[in-house]
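Per the numbering used here, residue 3 is the first one in the sequence shown, and the count goes up by one each step.
Where a beta carbon is used, it is the ideal one built from N, C-alpha and C, also for glycine.
Since the structure is predicted, the reported quantities are computational estimates derived from the model, not experimental observations.
Working notes for the structure below.
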Amino acid sequence: MVAMKTSRAVFVAAVAALGVVVLVSVGGATAGALDDDTEGDTAENASLGVQTGSFMQASSASTESAVIEGMFDAEYDRAEDSSAVLDRRAAELEDRIHGLEQRKAALEERDDDDVVAAIRMSRIATEIHSIDREVEHSAERAEQAGHAGAPFDELSAGVDELRGPEVAAAAGATPGGPPMDELGPPNAVPGGSDDTGPPAGDEQSDRTGPSDPAQPDDDGDDDQTRVGAPNSDTASSGQ
């Protein structure tokens, strides 16, 4: 068991180191683009750098999650005391969720145009999606062993609190990333259906109401009086 934990720690450290190398490489390439290219080329290169870095970070996070989950399954299947394995698994998932909360909060304070922050947020989005799957899988194993309920229910609620517009947007900007609708609502679109009132025509009709020819003019005279039959004096003079 100690050897398994050591192997897992070494693998996770290696994957994390690869992620740092990717961030440094992409960040350096983007910075070079900002110095050397024109404004139009810079924007295109920066976007390509974000997409490439986000894809590699998401792939790294997904691979790390799959290995950790595989090691848990192997340990669980060999264990004589499955409840102890599940307790350790729950504690490990809880620590990872807390770590994600802290990292996500720190990134949300960065500038919107921070390329490295955008890439790191894409990794967090993938980690949230992956850990959600891990919690669900562990809960299924616990239910099979007769240990259903908390703490995995509480862990699932903790994952739900990590979702949000920033995470969903990062997932949507990552090629091959997790589905946006599984990570939170997309950012509200300015001027969208929630921000606009009724159409101009409807609003105008509500203010003025339907036209009524029988209504008097502003001067109080009725149109019928002005254009109707001649008055009595005119009629008598004609006779």
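Any contact of the segment 163 to 178 with the segment 53 to 62, i.e. 3+ C-beta pairs under 8 Å?
Contact between the segment 163 to 178 and the segment 53 to 62 is present, because at least three Cβ pairs lie under 8 Å.
Leu109 lies in the alpha helix (DSSP H); which residues open and close that run?
In the sequence shown, the residue the question calls residue 109 occupies position 107. Residue range 84 to 110 is occupied by the alpha helix (DSSP H) that includes Leu109.
Starting from the Cα of Met58, find the closest Cα among Gln146, Arg98, Met123 and give me that residue.
Here residue 58 corresponds to residue number 56 of the sequence shown, with the count starting at 1. The shortest Cα separation from Met58 among Gln146, Arg98, Met123 belongs to Met123.
Taking its Cβ as the centre, do 16 or more other Cβ atoms sit within 10 Å of Arg112, making it buried, or is it exposed?
For the purposes of this step, residue 112 is taken as residue 110 along the sequence shown, with counting starting at 1. Counting the other CB atoms within 10 Å of its CB gives Arg112 a total below 16, which places it among the exposed residues.
Limits of the unbroken alpha helix (DSSP H) element including His139:
Position 137 of the sequence shown, counted from the start, is the residue given in the question as residue 139. Start and end: 117 to 146.
Which residue comes first and which comes last in the alpha helix (DSSP H) that contains Ala170?
Within the sequence shown, residue 170 is the residue found at index 168, counting from 1. Segment 167 to 174, the alpha helix (DSSP H) holding Ala170.
What are the boundary residues of the alpha helix (DSSP H) that includes Leu164?
Against the sequence shown, residue 164 aligns to sequence position 162. Run containing Leu164: 154 to 164, per the alpha helix (DSSP H) assignment.
Selected residue, minimal CA-CA separation from Ser49, among Ala92, Ile130, Ile121:
Position 47 of the sequence shown, counted from the start, is the residue given in the question as residue 49. Answer by Cα proximity: Ile121.
Does DSSP put Leu50 in a helix, in a strand, or in coil?
To locate residue 50, count along the sequence shown from 1; it is residue 48. In this structure, Leu50 counts as helix in the three-state DSSP scheme.
Quick check on the burial criterion: 16 or more other C-beta atoms within 10 angstroms. Buried or exposed for Asp134?
If you number the sequence shown from 1, residue 134 lands on position 132. With 16 or more Cβ atoms within 10 Å of its Cβ, Asp134 is classed as buried.
Backbone secondary structure at Ala60 - three-state DSSP
In the sequence shown, the residue the question calls residue 60 occupies position 58. In this structure, DSSP gives Ala60 a helical state, which the three-state scheme calls helix.
CB of Ala127 within 8 Å of CB of Val169, strictly:
Start at 1 with the first residue of the sequence shown, and residue 127 comes out as number 125. Start at 1 with the first residue of the sequence shown, and residue 169 comes out as number 167. It is a contact, given that the beta carbons lie within the stated cut-off.
On the CB-based measure, 16 or more other CB atoms within 10 Å of its CB, does Gln93 come out buried or exposed?
Mapped onto the sequence shown, residue 93 falls at position 91. In the sequence as displayed, the identity of residue 93 is Ala instead of Gln. So Ala93 ends up on the exposed side.
According to DSSP, simplified to helix, strand and coil, what is Ala183?
To locate residue 183, count along the sequence shown from 1; it is residue 181. Residue identity check: residue 183 is Asp in the sequence provided, not Ala. Asp183 falls in the helix class under three-state DSSP.
With a cut-off of 8 Å on the beta carbons, I'd call Leu185 and His131 a contact; round off their distance for me.
Position 183 of the sequence shown, counting from 1, holds the residue named residue 185. Position 129 of the sequence shown, counting from 1, holds the residue named residue 131. With a Cβ gap of about 6 Å, Leu185 and His131 count as contacting.
Taking the C-alpha atoms as reference points, what is the distance between Arg125 and Asp75?
Working through the sequence shown from its first residue, we reach residue 125 at position 123. Working through the sequence shown from its first residue, we reach residue 75 at position 73. Each residue's Cα considered, the two are about 24 Å apart.
Check Ala76 in the structure and name its three-state DSSP category.
Locating residue 76 in the sequence shown gives position 74, where the first residue counts as 1. Here Ala76 sits in helix by DSSP.
If contacts are defined as beta-carbon pairs under 8 Å, then Ala144 and Leu88 qualify, I think. What distance do you get, rounded to the angstrom?
What you label residue 144 is simply residue 142 of the sequence shown in a count that begins at 1. What you label residue 88 is simply residue 86 of the sequence shown in a count that begins at 1. Right, their Cβ atoms sit about 5 Å apart.
Is Glu136 near Ser67, with beta carbons less than 8 Å apart?
For the purposes of this step, residue 136 is taken as residue 134 along the sequence shown, with counting starting at 1. For the purposes of this step, residue 67 is taken as residue 65 along the sequence shown, with counting starting at 1. Cβ atoms of Glu136 and Ser67: closer than 8 Å.
Cβ-based neighbour list, Ser64, same chain, cut-off 8 Å, excluding 5 preceding and 5 following:
Walking along the sequence shown from the start, residue 64 turns up at place 62. Thr128, Ser132, listed in sequence order.
Between Phe154 and Ala141, how many whole angstroms is the CB-CB distance? I'm expecting something under 8 Å.
By one-based count along the sequence shown, residue 154 stands at place 152. By one-based count along the sequence shown, residue 141 stands at place 139. The distance from the Cβ of Phe154 to that of Ala141 is about 4 Å, consistent with a contact at the 8 Å cut-off.
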